[in-house]
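In this note's numbering, the protein residues as written are 9 to 81.
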(Lines of atoms letter the chains of each structure in order from A and count residues from 1; the text may use other names and numbers.)
(Lines give C-alpha, C1' and ligand atoms only; values in the text may rest on other atoms or scores of the structure.)
Protein backbone atom coordinates (compact mmCIF):
# COMPACT_ATOMS: atom_id res chain seq x y z
CA UNK A 1 0.00 0.00 0.00
CA UNK A 2 1.32 3.40 -1.02
CA UNK A 3 1.26 6.35 1.38
CA UNK A 4 -0.91 8.33 -1.09
CA UNK A 5 -3.67 5.73 -0.93
CA UNK A 6 -4.21 6.33 2.76
CA UNK A 7 -7.35 8.34 3.55
CA UNK A 8 -7.22 11.09 6.13
CA UNK A 9 -9.33 11.14 9.23
CA UNK A 10 -12.43 13.37 9.25
CA UNK A 11 -10.91 15.69 11.84
CA UNK A 12 -7.90 16.34 9.59
CA UNK A 13 -10.16 17.02 6.62
CA UNK A 14 -12.30 19.34 8.75
CA UNK A 15 -9.21 21.19 9.98
CA UNK A 16 -7.99 21.69 6.41
CA UNK A 17 -11.40 22.99 5.33
CA UNK A 18 -11.47 25.43 8.24
CA UNK A 19 -7.97 26.61 7.35
CA UNK A 20 -8.98 27.16 3.71
CA UNK A 21 -12.08 29.10 4.80
CA UNK A 22 -10.01 31.29 7.09
CA UNK A 23 -7.58 32.03 4.25
CA UNK A 24 -10.47 32.94 1.95
CA UNK A 25 -11.98 35.22 4.59
CA UNK A 26 -8.64 36.94 5.21
CA UNK A 27 -8.14 37.51 1.46
CA UNK A 28 -11.63 38.95 1.18
CA UNK A 29 -11.06 41.29 4.12
CA UNK A 30 -7.72 42.42 2.66
CA UNK A 31 -9.36 43.10 -0.70
CA UNK A 32 -12.12 45.15 0.94
CA UNK A 33 -9.56 47.13 2.94
CA UNK A 34 -7.58 47.84 -0.23
CA UNK A 35 -10.72 49.10 -1.99
CA UNK A 36 -11.52 51.37 0.95
CA UNK A 37 -7.97 52.73 0.93
CA UNK A 38 -8.20 53.42 -2.82
CA UNK A 39 -11.48 55.29 -2.32
CA UNK A 40 -9.98 57.39 0.48
CA UNK A 41 -6.89 58.12 -1.61
CA UNK A 42 -9.00 59.17 -4.60
CA UNK A 43 -11.06 61.49 -2.37
CA UNK A 44 -7.89 62.98 -0.90
CA UNK A 45 -6.40 63.37 -4.39
CA UNK A 46 -9.53 65.13 -5.67
CA UNK A 47 -9.54 67.41 -2.65
CA UNK A 48 -5.86 68.22 -3.13
CA UNK A 49 -6.38 68.99 -6.81
CA UNK A 50 -9.38 71.18 -6.13
CA UNK A 51 -7.40 73.21 -3.59
CA UNK A 52 -4.32 73.27 -5.82
CA UNK A 53 -6.25 74.72 -8.76
CA UNK A 54 -7.01 77.89 -6.83
CA UNK A 55 -3.39 78.27 -5.81
CA UNK A 56 -2.21 77.84 -9.39
CA UNK A 57 -4.78 80.36 -10.62
CA UNK A 58 -3.74 83.00 -8.10
CA UNK A 59 -0.08 82.38 -8.87
CA UNK A 60 -0.77 82.87 -12.58
CA UNK A 61 -2.89 85.97 -11.87
CA UNK A 62 -0.14 87.48 -9.73
CA UNK A 63 2.41 86.82 -12.47
CA UNK A 64 0.11 88.39 -15.08
CA UNK A 65 -0.51 91.51 -12.96
CA UNK A 66 3.21 91.82 -12.31
CA UNK A 67 4.02 91.67 -16.04
CA UNK A 68 1.32 94.21 -16.93
CA UNK A 69 2.55 96.50 -14.16
CA UNK A 70 6.13 96.24 -15.50
CA UNK A 71 4.94 97.10 -19.03
CA UNK A 72 3.08 100.19 -17.83
CA UNK A 73 5.96 101.58 -15.76
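Quick reminder that beta carbons are idealized off the backbone N, C-alpha and C, glycines included.
CB-CB under 8 Å to residue 36, same chain, minus the five flanking residues each way: which ones, in chain order? Numbered from its first residue, the chain shown carries residue 36 at position 28. The beta carbon of residue 36 lies closer than 8 Å to none in the same chain, with the five residues before and after it left out.
Please report the straight-line C-alpha distance between residue 33 and residue 53, rounded to a whole angstrom. The residue labelled residue 33 in the question sits at position 25 within the chain shown. The residue labelled residue 53 in the question sits at position 45 within the chain shown. Using only the alpha carbons, I get a separation of about 30 Å.
Residues near residue 21 by beta carbon distance below 7 Å, same chain, minus five either side: Taking the first residue of the chain shown as position 1, residue 21 is located at position 13. Shown here for residue 21: not one same chain residue has a beta carbon closer than 7 Å to its own, the five before and five after excluded.
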